[in-house]
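> So for the sequence shown, the numbering used here puts the first residue at 1294; every next one is plus one.
Ideal placement from N, C-alpha and C gives every residue a C-beta, glycine not left out.
Keep in mind the model is a prediction, meaning the values are calculated, not measured.
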Amino acid sequence: MLTGVTRGIGRAMCAELARLGHVVIGCGRNRAAIAELARTHGAPHDFTALDVVSDAGVAAWAERVIASHGAPDLVLNNAALINKNAPLWRVPAAEFSDVVDVNVKGVANVIRHFVPAMIAAERGVIVNFSSGWGRSTDAEVAPYCATKWAVEGLSRALAQELPRGMACIPLSPGTVDTDMLHSTLGDAASDCIAPGAWARKCVPYILALGPEHNGQPLTTP
1294 MLTGVTRGIG RAMCAELARL GHVVIGCGRN RAAIAELART HGAPHDFTAL
1344 DVVSDAGVAA WAERVIASHG APDLVLNNAA LINKNAPLWR VPAAEFSDVV
1394 DVNVKGVANV IRHFVPAMIA AERGVIVNFS SGWGRSTDAE VAPYCATKWA
1444 VEGLSRALAQ ELPRGMACIP LSPGTVDTDM LHSTLGDAAS DCIAPGAWAR
1494 KCVPYILALG PEHNGQPLTT P
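#1: Can you tell me whether glycine 1319 is buried or exposed? The criterion is at least 16 other CB atoms within 10 Å of its CB, across all chains shown.
#2: Excluding sequence positions up to five away, which residues of its chain have a Cβ less than 8 Å from the Cβ of glycine 1458?
#3: Is there contact between the stretch 1365-1381 and the stretch 1416-1425, where contact requires at least three CB pairs shorter than 8 Å?
#4: Check each candidate in Pro1436, Ile1359, Val1403 and Arg1324 and name the one with the smallest Cα separation from alanine 1349.
#5: Taking proline 1596 as part of the alpha helix (DSSP H), name the residues at either end of that continuous run.
#6: Can you check DSSP and say which residues form a bridge with threonine 1296?
#7: What are the start and end residues of the alpha helix (DSSP H) that includes asparagine 1402?
#8: Could you give the first and the last residue of the continuous beta strand (DSSP E) run that contains isoleucine 1462?
#9: What is the C-beta distance between glycine 1489 and serine 1465, in whole angstroms, given that I count them as a contact (C-beta under 8 Å)?
#10: Are arginine 1324 and alanine 1342 touching if we call contact CB-CB under 7 Å?
#11: State buried or exposed for proline 1514, treating a residue as buried only when at least 16 other CB atoms are found within 10 Å of its CB.
#12: Which residues in the same chain as isoleucine 1302 place their Cβ atom closer than 7 Å to its Cβ, once the five residues preceding and following it in sequence are excluded?
#13: Mapping DSSP to helix, strand and coil, what is leucine 1310?
#14: Give the single residue among Ile1375, Ala1328 and Ala1501 whose Cα lies nearest to the Cα of valine 1392.
#15: Taking the runs of the alpha helix (DSSP H) that are 4 residues or longer, which of them lie wholly in the stretch 1364-1393?
#16: Take methionine 1411 and list the residues in its own chain whose beta-carbon comes closer than 8 Å to its own, dropping the five residues that flank it on each side.
#17: Would you report the Cα separation of serine 1361 and cysteine 1485, rounded to the nearest angstrom?
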């Protein structure tokens, strides 16, 4: 199960997971992109236009997905926003709230509505995408840094709450050439690995994560 499936590394992970024979249950806010993914991959893959900020929307989605597909084996909380480069005092309150709502509350909403079924099934791995800026900081991305530090703490605390045999892992994907990185670094982002190449390299690494990695802050190779 993959959030933020319509662009960047989310879309690349979707393609690679499907290529490797896994059923992908994905969500994203872009309805046109969701429709395109549904046409491209088809059943049994399942794509829904959804904003993870909506707790009620996530609840309804989870209820439908679990009824039709069962509890997921792997949850990839990938959906995220980054603020436009600016000193913290110049970031508008609404923009700050949007970043927090998607990057932190969205992750919590998904966990709230999917993890109980995973616990009942006594299996499953939750990967919450963090960032290098979840373990360090930089100027002009304070809201994003704050949310990714929150993801680190949330993930490691959840890891202590899960029953034996499950795992929650905060995972930094490294530096990938995505729209979000271009927002921050401009054209310099083009020097980084492309999402498709990153997915071919890193999806097998993610699929190999298991209970022995519970609570460990990891970075893809």
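Short version:
#1: Looking at its Cβ environment, which holds 16 or more other Cβ atoms inside 10 Å, glycine 1319 is buried.
#2: Around glycine 1458: Glu1415, Arg1416 and Pro1504.
#3: With the cut-off at 8 Å, the stretch 1365-1381 and the stretch 1416-1425 touch.
#4: Of the candidates Pro1436, Ile1359, Val1403 and Arg1324, the one whose C-alpha sits nearest the C-alpha of alanine 1349 is Val1403.
#5: In the structure displayed, the chain extends from 1294 to 1514; residue 1596 sits before or after that span and is not available.
#6: DSSP lists Cys1320 as partners of threonine 1296.
#7: Looking at the DSSP string, the run of the alpha helix (DSSP H) that includes asparagine 1402 is 1399-1414.
#8: It spans 1460-1465 - the beta strand (DSSP E) in which isoleucine 1462 sits, taken as one unbroken run.
#9: With a Cβ gap of about 19 Å, glycine 1489 and serine 1465 do not count as contacting.
#10: In contact: arginine 1324 and alanine 1342 (Cβ atoms closer than 7 Å).
#11: The C-beta of proline 1514 has fewer than 16 other C-beta atoms within 10 Å across all chains shown, which makes the residue exposed.
#12: Cβ neighbours of isoleucine 1302 beyond the five flanking positions: Asn1371, Pro1466, Val1469, Thr1471, Pro1488, Trp1491 and Ala1492.
#13: Leucine 1310 falls in the helix class under three-state DSSP.
#14: Residue Ile1375 is the option with its Cα nearest to valine 1392.
#15: List check, alpha helix (DSSP H) in window: 1386-1393.
#16: Excluding sequence neighbours, methionine 1411 sits near Ala1364, Pro1365, Val1368, Gly1417, Ile1419 and Met1459.
#17: Rounded to whole angstroms, serine 1361 to cysteine 1485 spans 39 Å at the Cα level.
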